[in-house]
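Letter 11 of the sequence shown, counting from 1, is numbered 11 in our numbering, and no numbers are missing. Cβ coordinates follow ideal geometry from the N, Cα and C atoms, glycine included. In what follows, a structure is listed as structure tokens, so that the remarks can point back to it.
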Amino acid sequence: MPKIVILPGDGIGPEVTAAAVEVLREVAPDLTFEEHLIGGIAYEAHGEPFPQVTRDALTDADAVLLGTVGGPQNSPWNSLARPLRPESGLLALRKALGCYANLRPVRVQPGLEHLSPLKPELARGVDILIVRELLGGVYFDQDRSIDGDTAYNTMRYTTPEVERVAKMAFWAAEQRKGRVTSVDKANVLEVSELWRRDVQALRDREYRSIHLNHEYVDSVAMLIVSDPSRYDVIVTENLFGDILSDLAAVIPGSLGLMPSASLGDGAGLFEPIHGSAPDIAGKGIANPAAAIMSAAMLLRHGLKRSDAANQIERAVALALREEPTRDLGGKADTQTFTRAVLEAMGTPVG
């Protein structure tokens, strides 16, 4: 039976993850679940945000479902040395799993255009997949320092790192509209010159059926909200992908609607992209849609069960129409929305 490691994490993580697990149990009753700690709560229990017991559990995992990590800005965790902070546990988790490609779908569901801050005619039909490189660039390079009044970080990429994430983007585009936009800053950054050269060379060598376009990150930051339908698959490096995917997250109407999948050499990591929202943690009002849709991505990409994933996604879309959560202008709390998803799946709810 497939083993799913559950890492609820901090803040609203345990609440939204519990909702996702409830849906997974109904649609895939053969799965087994094993829960472990990560983030701030792991530091409090074990003195580190990614303890060895959690690391060991990943060895035979088929997929990992993550909640959230981190606390409020004034959290005592933020005064810790950087390797002990909750977010460092997340970076270490991605590296341990070899997850080099983060897939973030940005989709406006039919009939839900009114949830978007964009005009309905701009939001209608938006369906973008952002593929973000996840293990390289400025976030991971060890050539970094603060020395008095001077600080620096280094962005570095190699051709193999660029090619492997570009392959993921081209593969995804083959199953969609066949269009890839590679995002860089090649007019001022040498690392972006390498990025552009290698993505183009890979396309010309192995993916000639894909239409490839290169755009600068500052231009994309404007166009992704002023003309989002121009994009199908976007591929970019770690820092640019982090910023662009958070910017694009406003298009569907809420961070609570944004799932993600991080894929690579081993078990995939699946998580909502929203934060830990400590101000509402424990109140039972968090929107679990992104966590539930992350569970759908787990089924599709981690276990190759597209039919079950489609069933969940259809049910979430219906529940969003009938029982929108508070962040979407509705009244549904976490439990009410989860129950609506189960009902939409045809699951009897007592």
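- DSSP assignment within the region 64 to 148 yields the following whole alpha helix (DSSP H) runs of 4 residues or more, N-terminal first: 86 to 97, 120 to 123.
- Partner residues in the beta bridge of residue 150, as assigned by DSSP, are 147.
- A check of alpha carbon separations from residue 138 across 127, 156, 194 identifies 156 as the nearest.
- Between residue 8 and residue 67, the CB-CB gap stays under 9 Å.
- In the structure shown, residue 216 falls within a strand segment according to DSSP collapsed to helix, strand and coil.
- By the 16-neighbour rule on beta-carbons within 10 angstroms, residue 260 is buried.
- Secondary structure note for residue 322: its alpha helix (DSSP H) is the uninterrupted segment 306 to 322.
- Within the DSSP bridge table, the entry for residue 262 names 102, 269 as partners.
- In terms of Cβ geometry, residue 187 and residue 216 form a close pair [threshold 9 Å].
- With contacts defined as CB atoms closer than 9 Å, residue 33 and residue 21 qualify as a contacting pair.
- With 16 or more other CB atoms across the displayed protein chains lying within 10 angstroms of its CB, residue 258 is buried.
- Setting aside the 5 residues that flank it on each side, residue 344 is surrounded in the same chain by 315, 318, 319, each with a C-beta closer than 7 Å to its C-beta; the list follows chain order.
- Between the C-alpha atoms of residue 142 and residue 152 there is a straight-line separation of about 11 Å.
- In this chain, the beta strand (DSSP E) harbouring residue 8 covers 3 to 9.
- Restricted to the region 9 to 65, the alpha helix (DSSP H) segments that are unbroken, complete and at least 4 residues in length are 13 to 27, 40 to 46, 52 to 57, listed in chain order.
- Under DSSP, the beta-bridge partners assigned to residue 183 are 215, 236.
- CA-CA distance, residue 338 to residue 1, rounds to 25 Å.
- A contact between stretches requires three or more CB pairs, one per stretch, nearer than 8 Å, and the region 275 to 291 fails this requirement with the region 156 to 169.
- Three or more beta-carbon pairs separated by less than 8 Å are not found between the region 302 to 310 and the region 273 to 290, which leaves the two stretches without contact.
- A contact between stretches requires three or more CB pairs, one per stretch, nearer than 8 Å, and the region 82 to 100 fails this requirement with the region 223 to 231.
- Taking the CA atoms as reference points, residue 62 sits about 8 Å from residue 268.
- Selection 254, 252, 298, 231 evaluated against residue 262 yields 298 as nearest (Cα-Cα).
- For residue 332, DSSP records a beta bridge to 325.
- Closest by C-alpha distance to residue 204, out of 193, 219, 176, 170, is 170.
- Per the Cβ contact rule, the region 113 to 133 is in contact with the region 237 to 257 (3 or more Cβ pairs under 8 Å).
- Distance from the CA of residue 35 to the CA of residue 70, rounded to the nearest whole angstrom, comes to 18 Å.
- Rounded to whole angstroms, the gap between the alpha carbons of residue 104 and residue 195 is 20 Å.
- According to the DSSP assignment, residue 204 belongs to the alpha helix (DSSP H) that extends over 190 to 206.
- Distances from the CA of residue 248 to each of 284, 266, 274 were compared; the closest alpha carbon is that of 274.
- Secondary structure of residue 242 (DSSP, three-state): helix.
- Boundaries of the alpha helix (DSSP H) around residue 162: 159 to 174.
- Taken through DSSP and simplified to helix, strand or coil, residue 274 comes out as coil.
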